Amino acid sequence: MTGTAVDLIWLAPALALLGFVLNGTLALTRPNAKTLVSVIGAGVSLAAFAVSIAIFSAFAGLHADEPFVFRYWSWIPVGTLQIDFAFQVDQLSLVMLLVVTGVGSLIHLFSIGYMKEDPGYARYFAYLNLFVFFMLVLVLGASFPVMFVGWEGVGLCSYLLIGFWFTEEQNANAGRKAFIMNRIGDFGFMVAMFMLFWSTGSLDFGTVFTHAPNALAAGGRTITVITLFLFLGCTGKSAQIPLYTWLPDAMAGPTPVSALIHAATMVTAGVYLVARCNLLFAMAPVSSAVVAGVGALTALFAATIALKQWDIKKVLAYSTISQLGYMFLGVGTGAISAGMFHLITHAFFKALLFLGSGSVIYALHRAYHHTHSHEDAQDMRNMGGLARYMPWTTASMWIATLAIAGVPPLSGFFSKDEILTAAHARGHADPIWLVFWGLALGAALLTAFYMTRLMLYTFHGPNRTGEKEQAHLHEAPWIMTGPLLVLGVLSAAGGLINIPELYHGNAWLHHWLEPITQASAPLLPAVHLAPATEWLLVGVAVTVALIGIVGAWRLLKPEALVPARQAPEERGFARVLKNKWYVDEIYDALIVRPLVWVSREVLWKQVDQRIIDGAAVNGAARGARALGWANRWLQSGQVGIYVAVFVVGVLLILWRATS
Amino acid sequence: MILKFFWIFGFIAMGSALLCITRKNPVSSALWLVVTLFALAAMFVLLDAQFIAVLQVLVYAGAIMVLFLFVIMLLNLGRPGPTDIRGPLGLLTATVLAGALALQLRVLSESPLPSSIQLPPGAITALQQQQGIVGAVATPLFGTYLIPFEIASVLLLAAIVGAVVLAKRKL
Amino acid sequence: MLLSPALFISAVLFTLGVAGVLFRRNVIVIFMCVELMLNAVNLTFVALAQTLGMGGQVFVFFVMAVAAAEAAVGLAIILAVYRHRQSVSLQNMNLLKDG
Numbered sequence: 131m132t133g134t135a136v137d138l139i140w141l142a143p144a145l146a147l148l149g150f151v152l153n154g155t156l157a158l159t160r161p162n163a164k165t166l167v168s169v170i171g172a173g174v175s176l177a178a179f180a181v182s183i184a185i186f187s188a189f190a191g192l193h194a195d196e197p198f199v200f201r202y203w204s205w206i207p208v209g210t211l212q213i214d215f216a217f218q219v220d221q222l223s224l225v226m227l228l229v230v231t232g233v234g235s236l237i238h239l240f241s242i243g244y245m246k247e248d249p250g251y252a253r254y255f256a257y258l259n260l261f262v263f264f265m266l267v268l269v270l271g272a273s274f275p276v277m278f279v280g281w282e283g284v285g286l287c288s289y290l291l292i293g294f295w296f297t298e299e300q301n302a303n304a305g306r307k308a309f310i311m312n313r314i315g316d317f318g319f320m321v322a323m324f325m326l327f328w329s330t331g332s333l334d335f336g337t338v339f340t341h342a343p344n345a346l347a348a349g350g351r352t353i354t355v356i357t358l359f360l361f362l363g364c365t366g367k368s369a370q371i372p373l374y375t376w377l378p379d380a381m382a383g384p385t386p387v388s389a390l391i392h393a394a395t396m397v398t399a400g401v402y403l404v405a406r407c408n409l410l411f412a413m414a415p416v417s418s419a420v421v422a423g424v425g426a427l428t429a430l431f432a433a434t435i436a437l438k439q440w441d442i443k444k445v446l447a448y449s450t451i452s453q454l455g456y457m458f459l460g461v462g463t464g465a466i467s468a469g470m471f472h473l474i475t476h477a478f479f480k481a482l483l484f485l486g487s488g489s490v491i492y493a494l495h496r497a498y499h500h501t502h503s504h505e506d507a508q509d510m511r512n513m514g515g516l517a518r519y520m521p522w523t524t525a526s527m528w529i530a531t532l533a534i535a536g537v538p539p540l541s542g543f544f545s546k547d548e549i550l551t552a553a554h555a556r557g558h559a560d561p562i563w564l565v566f567w568g569l570a571l572g573a574a575l576l577t578a579f580y581m582t583r584l585m586l587y588t589f590h591g592p593n594r595t596g597e598k599e600q601a602h603l604h605e606a607p608w609i610m611t612g613p614l615l616v617l618g619v620l621s622a623a624g625g626l627i628n629i630p631e632l633y634h635g636n637a638w639l640h641h642w643l644e645p646i647t648q649a650s651a652p653l654l655p656a657v658h659l660a661p662a663t664e665w666l667l668v669g670v671a672v673t674v675a676l677i678g679i680v681g682a683w684r685l686l687k688p689e690a691l692v693p694a695r696q697a698p699e700e701r702g703f704a705r706v707l708k709n710k711w712y713v714d715e716i717y718d719a720l721i722v723r724p725l726v727w728v729s730r731e732v733l734w735k736q737v738d739q740r741i742i743d744g745a746a747v748n749g750a751a752r753g754a755r756a757l758g759w760a761n762r763w764l765q766s767g768q769v770g771i772y773v774a775v776f777v778v779g780v781l782l783i784l785w786r787a788t789s
Numbered sequence: 003m004i005l006k007f008f009w010i011f012g013f014i015a016m017g018s019a020l021l022c023i024t025r026k027n028p029v030s031s032a033l034w035l036v037v038t039l040f041a042l043a044a045m046f047v048l049l050d051a052q053f054i055a056v057l058q059v060l061v062y063a064g065a066i067m068v069l070f071l072f073v074i075m076l077l078n079l080g081r082p083g084p085t086d087i088r089g090p091l092g093l094l095t096a097t098v099l100a101g102a103l104a105l106q107l108r109v110l111s112e113s114p115l116p117s118s119i120q121l122p123p124g125a126i127t128a129l130q131q132q133q134g135i136v137g138a139v140a141t142p143l144f145g146t147y148l149i150p151f152e153i154a155s156v157l158l159l160a161a162i163v164g165a166v167v168l169a170k171r172k173l
Numbered sequence: 097m098l099l100s101p102a103l104f105i106s107a108v109l110f111t112l113g114v115a116g117v118l119f120r121r122n123v124i125v126i127f128m129c130v131e132l133m134l135n136a137v138n139l140t141f142v143a144l145a146q147t148l149g150m151g152g153q154v155f156v157f158f159v160m161a162v163a164a165a166e167a168a169v170g171l172a173i174i175l176a177v178y179r180h181r182q183s184v185s186l187q188n189m190n191l192l193k194d195g
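Residue numbers (this note's numbering), protein chains in the order written: chain A, 131 to 789; chain B, 3 to 173; chain C, 97 to 195.
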C-alpha cells in the first residue's frame, strides 16, 4: 500500500508465529535438539526486531499524520458489524513494536543460557515465540476485537509460562490464578467493547475515535461507564488494585519469563490500551481521575509491601506493580507521552533487574547444586557480598536501581519526573491530583529505599550463602551477561528519547506521539507551569530519591542478617508488610471461599444433584417408565379392555361426525 | 293406534334386552333374548315388513337362538359362573361408555334425512299391494341385489364347512 | 310416523348390546349381546325402508344370513376353545398379550 517497508508489518508477527510452529514441532518430536531450538527461537525474534527497525525508519520517512491500516481478511461480517483482521501502523503501535521485539530479543538470548539445562527447552521457546506473536497482534491490532485476540492470547501464554514447571502444584496454581484474575478483567474489556459498538456502531479504532465525540456526550454517564470497564480490563492485565495479586505469584515461572511478560511487555498492555483510547478517557474526566488515582494508590501500596519481601523476585514483582501504577498515573493525567516514556524506560531497567536477578539465582543454583544443598536460591538472606563474584551483573543492576529510583541523568529520572510534573500541573486545575502527586512522591521515596535494600542485601555486606558454596559462585556465561550490559546502556541513556524542553531538549517522543494525542488535547485542562515551579518539582523528586537511597544505606545493616533457614519470624507492622497486608487472605475469605461454598453446597448438591440429575434426568426416566406402565394396559391381552377401547374409538368418530 | 302398539312392543323389547344383559344365568339371558327377538318381529310387522318379521322368527329366534341354547347345554353352563359379571368398576365403565354412546346416537337419529331420496308416505304399502308382500322383497333381491345373494349363499357354505371343521375333536 | 320411535328404540337396544359386551365375562353371553346389536341395526334398516325404499328390507335379509353364518362359526370356535381351556370366561382368554 505505501510501497515501503511499512507494508511488511505482517512479517513481524508472522516470524514469531513461525518460530512457535517450528519450536512446537521440535518440542513434540525432538525435544533435545537444543541448538536448533535456540537458533529458531532467538533467530525469529531478532529477525522480527530487524523488520521492526526497517518499518520504523520507513514510517518515520513518510511523515504520515494518519495511521496506515492493512486489512488482511474479513473476519466477522455480521449485519452492521464488520470486523476485519487488520493491523494498524502508527506512531504508538510502532513504539510498542520496537519495545516488544527489542527487549524480547535480548530476553530470548538470555534464556538460551538460563534454560540450558531444562528438559522443557524446546517447549519454553515455543511458548515464548507464541507469546511474542500474540503481543504483536495486541499492539498492532486495528480494532478492539483484534486487540482482544492478542489480549487473550498473551493471557494464555502467561498461564502456560507461569506454570512451566507444572509438576509442582504451587506453580500450576499460580498459573491458574493469573488466568482467572485476568478473566475478570477481560469481562470488563468485553462489556466496554459491547457498549462502544452500541454507541458508535463500529469497533475499528479509526471509526470509533472519529464517531465518539459525536455519539457520546463528553463527561456523560455512558462514556464514563465504558472507560471504567476498559480500566477494569487494565487492572487485570496490568496488575493494579484490585486485581494485582496474581503477579507476585507469577514469579513461580522462569525468571526470563518474569522479565519479558511481567515486566516489559504483557503487563504494559493495559497502559497501551489507555494510551490508545486516550480520546475516550479525555472525554470522561471521572474515569481519568479513577485511573490516575488507582495508579497512584497502587504505586504506594505495592512499594510498602516490597519493603519487607525477602524473595528477590517478589521485591521486583511488587516493584513492577508499583511502576505500572506510575504509568497509569501518567496516562490518567492525560500525559500520554509521559506514560509511554515511563513504559519504555521501565521495560529497559525492569527487564535488566529481572535478568540480573536471574543471573544471581542461576549462580546460587549452581553453587547449591555442587554442594547438594536445598536452600532457597531466591531468598536474599542467602545472598550477600556477591559483588566480588559477579562484577558485571552488579554494575548493570546498580545502573537499573539508580534509574528506577529516579536519579539524574538516567532514563528513569526523566520519565518519572515527567509523570510527577504532569500530575502536579493538573493539580492546579483539580486539587485531587495533588493528592495523587503526593502518593506518587511517597512511592518514589519507598522505591529508592527498597531497591537500595535489595542491592545492599544481595551484592554487598558479608556473604551468607555458605562456606562451601562460595567456591562455586561466579559470573554467568556471556550469553546471559551480554544482554544485561545492553540493557544497562539503554537504562542509562534511554532518557535521551524524550528530554523535556526545560533542559533545552527536543522532547522527541512527545512530538512523535502527537498525532495520537492531538484529538484529546483540546479536552484536557491546559495548565502551564512556570519554569521555576518545574525546577522546584525536579528538585523535590531528586531529593526524595536521594533520601531513599542514603536512608537505606545508613539504616539497613546487612551484617545483621542470617541465612533464610535460621531467620527469625517477622513481628508487628513488619509482619503485615511481609504478608502483603493480608490481601490474598482477605480475597480468599471474602470471595474465594464463599464461591467455593456456593459451588459445592448450592450448585452441586442442590442444582446439579437434586434438580438436574434427580428431577430432570431421573425424572424423565421415571416419567417414561410411568408412561410405559400406563400403556401396558392397552396390550394386556384382556379382550374386555380391547372392547372398551373400541367403543371409545367409536364414540370419538361419532362425536367428530356429528359436531 | 299403530303407534301405541309400536311403543308397547318397543318397551317389551327394551325391557327384555335389559334383563338379558343383567341375568347371571346364561340360559336366562338366552331366553330373554328370545323374547326381545319376538318383540322385534312384532315391530317389523307394524313397519310393513311382514316377510322380514317371519324370517326373524324362523331364522333368528328359531334357529340361531336354539343353536345358542344347544351350545350352552352342551358345555354344561346351565349354572351361573362365579365371575360371570364384572365388578363395580366394570359396571361403571359399561354405564359411562354406554351412556355416552346413547347420547351420540340420539343426536344422530335426530338429524333429518335428505328429502331428495325420500319416498312419498305409503309408497311401500302400495308396492306391496302391487307385487304382493313377498314379491316386494323378492323383486329387488333377485334383481338389483342378485350378486350379493349368490355371494351370501357361498358365505353360508363356507360357514357350514368352517363350523364342522372347527367343532371336530380330532382333525 | 313410526320412524322416530323406531330409531329411538334401536338406539337403546344397540346401547344395551354394547353395555352387555362390556359388562359380561361369559363369552357366550357376550356373543348374544352382539346378536342383540345386530337386531337393533335390523330395526333401523326396516324403519328407514319405509321412507327410503325396499333396499332396507333386502339388507336385513342379508344381515340375517350373515348373522346365522357368524353364529355357527363363532359357537364352533367357542367349543374348540372350551375344550382347551375348560372355561368360557373372558379373563382366561388373554393369549393376545404375549408376543
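Cβ atoms here follow ideal geometry from the backbone N, Cα and C, with glycine treated the same way.
Nothing here was measured: the structure is a model prediction, and the numbers come from that model.
Does the beta carbon of residue i sit closer than 8 Å to a beta carbon anywhere in chain B?
i	result
Leu139 of chain C	yes
Met133 of chain C	no
Trp727 of chain A	no
Please state whether DSSP places residue i in a helix, a strand or coil.
i	result
Arg701 of chain A	coil
Arg25 of chain B	coil
Gly122 of chain C	Correcting the residue identity first, residue 122 of chain C is Asn in this sequence and not Gly. Strand, per DSSP.
Asp334 of chain A	strand
Asp248 of chain A	coil
Gly488 of chain A	helix
Trp295 of chain A	coil
Ser204 of chain A	strand
Asp137 of chain A	helix
Val184 of chain C	coil
At the 8 Å Cβ level, is residue i part of the contact set with chain A, yes or no?
i	result
Val114 of chain C	yes
Val130 of chain C	no
Val169 of chain C	no
Leu110 of chain B	yes
Leu103 of chain B	yes
If contacts are defined as beta-carbon pairs under 8 Å, then residue i and residue j qualify, I think. What distance do you get, rounded to the angstrom?
i	j	result
Val181 of chain A	Leu141 of chain A	5 Å
Thr582 of chain A	Gly514 of chain A	Rounded, the Cβ-Cβ distance is 15 Å, inconsistent with contact.
Phe134 of chain C	Ala19 of chain B	Note that residue 134 of chain C is Leu in the sequence shown, not Phe. With a Cβ gap of about 13 Å, Leu134 of chain C and Ala19 of chain B do not count as contacting.
Phe119 of chain C	Arg88 of chain B	6 Å
Ser526 of chain A	Gly486 of chain A	6 Å
Counting only Cβ pairs nearer than 7 Å, list the residues of chain A close to residue i.
i	result
Leu186 of chain C	Val769 and Gly770
Val117 of chain C	Val773
Thr95 of chain B	Ala774
Pro106 of chain B	It should be noted that the sequence gives Gln, not Pro, for residue 106 of chain B. Within 7 Å Cβ-Cβ: Leu781, Leu784, Trp785 and Thr788.
Residue i touches chain B at which residues, Cβ-Cβ below 8 Å?
i	result
Met150 of chain C	Ile126, Leu129, Ala138, Val139, Thr141 and Pro142
Arg120 of chain C	Ile23, Asp86, Ile87 and Arg88
Can you find a CB in chain C that lies within less than 8 Å of the CB of residue i?
i	result
Phe70 of chain B	yes
Ala63 of chain B	no
So which residues on chain A does residue i lean against when the C-beta distance must stay under 9 Å?
i	result
Asn190 of chain C	Ser766, Gly767, Gln768 and Val769
Leu99 of chain B	Ala774, Val777, Val778 and Leu781
Along chain B, in chain order, which residues have C-beta atoms closer than 7 Å to that of residue i?
i	result
Trp763 of chain A	What Trp763 of chain A touches in chain B: nothing, since even the nearest Cβ is about 13 Å away.
Mind pulling the chain C residues with CB within less than 9 Å of residue i?
i	result
Ala44 of chain B	Near Ala44 of chain B there are no residues of chain C at all, since even the closest Cβ is about 11 Å away, more than 9 Å.
key: 4-residue-minimum alpha helix (DSSP H) runs that sit fully inside the stretch 383 to 435 of chain A, ordered along the chain   = 385 to 389, 399 to 406 and 408 to 413
request  = Scan the stretch 631 to 706 of chain A and note each continuous alpha helix (DSSP H) run of 4 residues or more that stays entirely inside, going in chain order.
outcome  = Runs of alpha helix (DSSP H) with 4 or more residues, each lying fully within the stretch 631 to 706 of chain A, are found at 638 to 642, 644 to 647 and 661 to 685, listed in chain order.
ask   = What are the complete alpha helix (DSSP H) segments, minimum 4 residues, inside the stretch 93 to 172 of chain B?
value = 125 to 133, 135 to 144 and 148 to 169
4-residue-minimum alpha helix (DSSP H) runs that sit fully inside the stretch 525 to 585 of chain A, ordered along the chain = 541 to 559
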